[in-house]
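To keep things clear, I will list the structure first and then write my remarks on it.
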Amino acid sequence: MMREDDDDDVETKKYAMVCAANMNRSMAAHCLLLEKCMNVRSFGAGSSVKIPGASKDDPNVYRFGEATYEEILKDLKRQDEKLYAQKGLIGMLERNMRVKRKPERWQDNSDDGEFDVVVCFEERVFDLVLADMREKNAKGVPCLVINVDVRDSHEDAVNAAPIALKLCEMIEKCDDWECEIDEIMDELEEKVGIKPLYSVCYY
């Protein structure tokens, strides 16, 4: 698999996949778009990286920008490798390690320019991304922010990734998404039965 830092000389739109923790939903989509050689990064928008623990009321919590996927994987294996393998977290982290080093927080991203399209996977995350963008000084460069509600489970994340890919491919092919976005959303609803929320923000 091509890692996110591999060079590609073909200029395309820049995409961001965003969920709460940059562990499951955003990474499933990131992985698939990367396989299609699209220009994509992924983020979480929550306050910390939270993943299931041994019990429902005791999640594992890590700090954005500090813990790597490899370090989280080692921590879970130390706690109870068999349990976390059954929960699907071991495989998820191994996949994530093949894509990039560590979870990143959307609000902390300031060093890599602007995205053309941001796909969120939860309405709360969508609201957090919109609030963050509105707090920044707009320079007039438009950015399409979309929400596709996806339950935070391994199966739902894997099933949602092709929808995110299809949406991004449709936007990639259009001449002017600002004029064509309503038609794109109608076409997506016709094809997959989902019509996402969206908003246009500015950098």
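Note that my numbering has the sequence shown beginning at 61, numbered continuously upward. C-beta atoms are modelled at their ideal positions from N, C-alpha and C, and glycine is treated no differently.
Once you ignore the five residues that flank residue i on each side, which residues in its own chain have a CB closer than 8 Å to its CB?
i	result
Val82	In the sequence as presented, Val is not what sits at residue 82; that position holds Asn. Excluding positions up to five away in sequence, the list reads Ser102, Phe103, Gly104, Val109, Phe124, Pro163, Glu164 and Arg165.
Tyr144	Leu136, Lys137 and Ile150
Glu126	Lys162
Val201	Glu174, Tyr262 and Tyr263
Met245	Lys255, Pro256 and Tyr258
Leu227	Val179, Ile206, Val208, Ile244, Leu248 and Pro256
Beta carbon of residue i, beta carbon of residue j: below 8 Å?
i	j	result
Ile231	Lys73	yes
Ala217	Arg85	yes
Ile206	Val179	yes
Asp182	Val210	Note that residue 182 is Glu in the sequence shown, not Asp. Contact: yes.
Met98	Tyr75	yes
Lys147	Pro112	yes
Just to confirm my understanding: we take residue i, look at its own chain, exclude 5 residues before and 5 after, and list those with CB closer than 7 Å. What are they?
i	result
Ile254	Val208, Ile223 and Leu248
Ser259	Leu190 and Val205
Glu243	none
Leu188	Ala105
Ala219	It is Asn, not Ala, that sits at residue 219 in the sequence shown. Taken in chain order, the list of residues that qualify is empty.
Leaving out five residues before and five after residue i in sequence, what residues of the same chain have Cβ atoms less than 6 Å from its Cβ?
i	result
Asn156	Met87 and Tyr129
Cys234	Glu240
Ala221	Ala88, Ala89 and Leu92
Measuring straight from C-alpha to C-alpha, what distance separates residue i and residue j?
i	j	result
Glu174	Lys116	37 Å
Glu95	Lys196	32 Å
Val159	Leu93	11 Å
Cys261	Gln167	15 Å
Val177	Gly106	19 Å
Asp68	Asn120	Confidence at Asp68 is low in this model, with a pLDDT of 45, below 50, so its placement is unreliable and the value that follows should be read with caution. One C-alpha to the other measures close to 36 Å.
Lys251	Cys203	24 Å
Met77	His90	6 Å
Met193	Asp236	22 Å
Glu229	Leu257	17 Å
Val100	Ala114	32 Å
Lys199	Ser170	14 Å
Asp140	Asp118	14 Å
His214	Cys79	13 Å
Leu225	Glu238	19 Å
Lys134	Leu153	10 Å
Glu131	Asp212	22 Å
Point to revise | beta strand (DSSP E) runs wholly inside the stretch 171-255, at least 3 long, in chain order | key: 177-180 and 202-207
Point to revise | beta strand (DSSP E) runs wholly inside the stretch 111-148, at least 3 long, in chain order | key: 120-122
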